[in-house]
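Shown next, in structure tokens, is the structure this report addresses.
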């Protein structure tokens with residue numbers, strides 16, 4: 001419920017602090033006093049759009065804050081806060097400010113939030129109903145959820161929504177699988193050609209780098225052979241082998257005279273002689289191979305060109321070509337397996353659809369039963385509201401399969417007829433303003449205990465009615481306030497008489513300044529205000545007596 005409202009610098013209000021209690025509270029005042037401004041202020045803390053035109057003339061900033069208390073911990077408000085990492089206690093404080101340059105700040109229990117989130121959170125705190133309100137019950141899009149809440153079978157609705165989600169998931173997978181199969185089938189010949197091409201190429205990881213090195217060698221073959229020849233010539237002309245052999249013979253004599261004391265030197269010379277011969281042979285072979293392999297450079301160039309062409313074709317690096325080949329293998333395998341996959345998904349989709357239809361049928365039957373109960377309950381409320389000849393019907397109609405959703409296979413909408421023999425039609429098309437108010441009340445009396453919202457605000461929904469009808473509306477508002485907090489902006493003395501708390505809105509002018517003030521009335525002041533509402537500016541004793549009678553009957 002709404003516990004308090006604080007306003008600073010909003011249009012005609014410079015400073016206002018109000019406390020609220022349970023039950024029925026009414027706001028009255030002369031036309032133009034500023035009652036609608038209060039609703040604008042509440043709208044700001046409930047997420048309505050803020051405009052700089054709301055800032056009081058001469059001020060540079062407006063501030064509106066409200067304190068709420070929710071007793072029902074199952075209210076979706078708390079779940080939504082948790083989903084957005086907001087820490088909330090039982091007392092909820094919403095504060096909103098806006099400067100003259102349009103900069104706005106919103107805080108929920110000192111935690112910054114967006115206007116969009118506030119709008120969603122606000123829908124769980126307060127419902128505001130005006131005479132020509134296009135939201136709430138006058139919006140047929142809400143009728144289905146209203147009926148489900150009234151019926152109290154949300155668990156079945158949840159199960160149905162889960163089944164629909166599963167069905168749509170399989171249907172989506174099936175559509176993707178079919179599209180992939182069609183696309184891959186068209187590409188199958190190309191894929192097979194690419195596989196054959198890559199298999200013949202037989203690309204190895206690291207091959208391109210090795211080819212690049214060989215290419216450099218091939219390009220410098222003449223210089224390499226020339227250097228080999230120089231080395232070979234040096235080794236041959238210096239007669240190094242003969243010198244090593246002579247040295248080896250000399251050391252052998254030394255070892256004979258010293259009992260092989262210098263055998264290690266002899267071994268080193270043996271190794272040197274062997275390494276020398278090996279080096280000469282390797283130089284000779286390498287020089288021969290390079291000088292007699294004139295086609296290698298051409299072969300290397302052709303291989304590099306071919307590898308680069310394949311890499312460009314598949315838009316990858318040369319070393320990634322083996323991976324590309326493996327991916328193509330996988331695609332061919334997928335094509336071969338896709339028919340089985342499509343068949344399996346189709347079977348799963350059919351089963352999921354059957355399960356959804358089964359659960360949606362259960363919900364439909366529950367809705368049909370709840371619709372009868374709601375119609376009966378509303379019908380009982382209409383005679384006391386002086387609408388004995390009016391009828392209210394909750395329509396539950398099947399929709400086409402392409403319109404099935406998580407909400408089921410039904411379209412739910414309310415229709416009314418205000419006279420015997422009149423055709424049923426939408427609430428906002430058939431009923432007059434006063435009739436709308438009474439239909440709304442008849443519904444709200446029956447729905448109040450089923451809703452999470454603990455505060456209802458009615459803005460002049462009693463307009464266009466008076467006398468016994470207004471008296472009946474006041475009685476229904478009073479009855480409604482037994483379950484939820486009800487705030488009413490009214491011009492009807494019959495409605496005001498039922499209030500637990502009566503607030504008077506006044507416009508005060510001093511020199512060139514105009515302000516709006518709101519004060520809670522004592523019992524005597526309440527009687528005087530109702531007398532004014534009955535008689536106008538000149539309050540007579542008869543009006544006071546009539547006001548006293550009205551209050552005493554409540």
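Numbering (this note's numbering), first residue to last: 1 to 554.
Think of the CB as a built atom: it goes at the ideal place given N, C-alpha and C, for glycine as much as any other residue.
In this text, all values refer to a predicted model and were calculated from it rather than measured experimentally.
- Rounded to the nearest whole angstrom, the C-alpha separation of residue 470 and residue 439 is 13 Å.
- By the 16-neighbour rule on beta-carbons within 10 angstroms, residue 407 is buried.
- Assignment of alpha helix (DSSP H) within the stretch 459-507, counting only whole runs of 4 or more residues, yields 467-480 and 493-496 in chain order.
- Here residue 526 is buried. Its C-beta has 16 or more other C-beta atoms within 10 Å.
- With contacts defined by Cβ atoms closer than 7 Å, residue 530 and residue 503 do not form a contacting pair.
- Taking the CA atoms as reference points, residue 514 sits about 20 Å from residue 51.
- Residue 394 is bridged by DSSP to 414.
- In the structure shown, residue 44 falls within a helical segment according to DSSP collapsed to helix, strand and coil.
- Shown here for residue 453: same chain residues with a beta carbon closer than 6 Å to its own, the five before and five after excluded, namely 127 in chain order.
- Along the length of the stretch 29-93, whole alpha helix (DSSP H) runs at least 4 residues long occupy 35-45 and 76-83, reported in chain order.
- Cβ-Cβ separation between residue 374 and residue 147: approximately 7 Å, consistent with a contact (criterion under 8 Å).
- In the DSSP assignment, residue 181 falls within the alpha helix (DSSP H) that extends over 154-201.
- Cβ neighbours of residue 331 within its own chain (closer than 7 Å, five residues either side excluded): 184 and 191.
- Rounded to whole angstroms, the gap between the alpha carbons of residue 448 and residue 95 is 27 Å.
- Annotation for residue 537: no beta strand (DSSP E) segment contains it, and DSSP assigns it neither H nor E.
- Non-local beta-carbon contacts of residue 252 in its own chain, meaning distances under 7 Å to residues more than five positions away in sequence, involve 266 in chain order.
- Rounded to whole angstroms, residue 63 and residue 11 show a C-alpha spacing of 11 Å.
- Its Cα nearest to that of residue 24, the residue 484 stands out among 523, 484 and 78.
- By the Cβ-count criterion, residue 549 is exposed, with fewer than 16 other Cβ atoms from all chains shown falling within 10 Å of its own Cβ.
- Taking the C-beta atoms as reference points, residue 396 is found nearer than 7 Å to residue 371.
- Here the alpha carbon of residue 154 sits roughly 17 Å from the alpha carbon of residue 411.
- DSSP places residue 251 in the uninterrupted alpha helix (DSSP H) bounded by 240-257.
- Residue environment for residue 28: buried (at least 16 other C-beta atoms within 10 angstroms of its C-beta).
- Beta-bridge annotation (DSSP): residue 129 is paired with 458.
- For residue 377, the CB contacts under 7 Å within the same chain, skipping 5 residues up- and downstream, are 446 in chain order.
- For residue 375, the uninterrupted alpha helix (DSSP H) segment begins and ends at 321-381.
- Inter-residue distance for residue 538 and residue 528 is about 11 Å (C-alpha atoms, whole angstroms).
- Note on geometry: alpha-carbon atoms of residue 254 and residue 231 lie some 33 Å from one another.
- When rounded, the separation of the alpha-carbon atoms in residue 159 and residue 361 is 12 Å.
- Judged by beta-carbon spacing, residue 47 lies within the 7 Å limit of residue 122, meaning their Cβ atoms are closer than that value.
- Within its own chain, the residues whose Cβ lies closer than 6 Å to the Cβ of residue 349, once the five positions on either side in sequence are excluded, are 170, 171 and 174, listed in chain order.
- Boundaries for residue 106: no alpha helix (DSSP H) harbours it, while the beta strand (DSSP E) harbouring it runs 104-108, taken from the DSSP string.
- Beta-bridge analysis with DSSP links residue 449 to no other residue.
- Measuring C-alpha to C-alpha distances from residue 68 to each of 21, 61 and 112 identifies 21 as the nearest.
- Here residue 198 is actually not in contact with residue 333; their C-beta atoms are around 16 Å apart, not less than 8 Å.
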